[in-house]
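Anchor point for the sequence shown: position 13 equals 32 in my numbering, and the numbering is continuous, going up by one each time.
Backbone N, C-alpha and C define an ideal beta-carbon position, used for all residues, glycine too.
Bear in mind the structure is a predicted one, so any value in this text is a computation, not a measurement.
To start, the structure itself, in structure tokens.
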Amino acid sequence: MADGSPSKTRANVSALAEGAEHRAARAALFSTELLRRIDAIARAIDAGRTAAVASEANALATGAAAFGLAGLVEDALRAERAARSGNLDEVASAFCVLQCGVHAALAQLRGRA
Numbered sequence: 020m021a022d023g024s025p026s027k028t029r030a031n032v033s034a035l036a037e038g039a040e041h042r043a044a045r046a047a048l049f050s051t052e053l054l055r056r057i058d059a060i061a062r063a064i065d066a067g068r069t070a071a072v073a074s075e076a077n078a079l080a081t082g083a084a085a086f087g088l089a090g091l092v093e094d095a096l097r098a099e100r101a102a103r104s105g106n107l108d109e110v111a112s113a114f115c116v117l118q119c120g121v122h123a124a125l126a127q128l129r130g131r132a
């Protein structure tokens, strides 16, 4: 049987608010991480460091999976595969798609905040 007392209700509302604040803070941190990783990938591409591209793309995919961003996971894994192939044209193409995916993910994360 639920306790409908005012103090119990306030405690539940407070816990929900803390949960929402925590989720919003995590989304904000991950948004910053997305921007940092996409910048690192761009620098690695410019330097021709495909191993670094693959590593950053994999880390981006892992983070995206934790937030349920399936489309971004797919885009990041595509970039990782392209980087591991060593084909710079494929890497550039995958990076363009990944940039769009990051943009869409940032919009989703803002919507969750």
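Look at L88 here: in three-state DSSP terms it is coil, with no helix or strand label. V72 is not a Cβ neighbour of A83, given a cutoff of 8 Å. Excluding five sequence positions before and after A78, the CB atoms of its chain that fall closer than 7 Å to its own CB belong to R56, given in chain order. When the five nearest sequence neighbours on each side are left out, the beta carbons in the same chain lying within less than 6 Å of the beta carbon of A102 are those of T69, V72, A73 and V110, in order along the chain. Rounded to the nearest angstrom, the Cβ distance from L117 to A95 is 6 Å, consistent with a contact under 8 Å.
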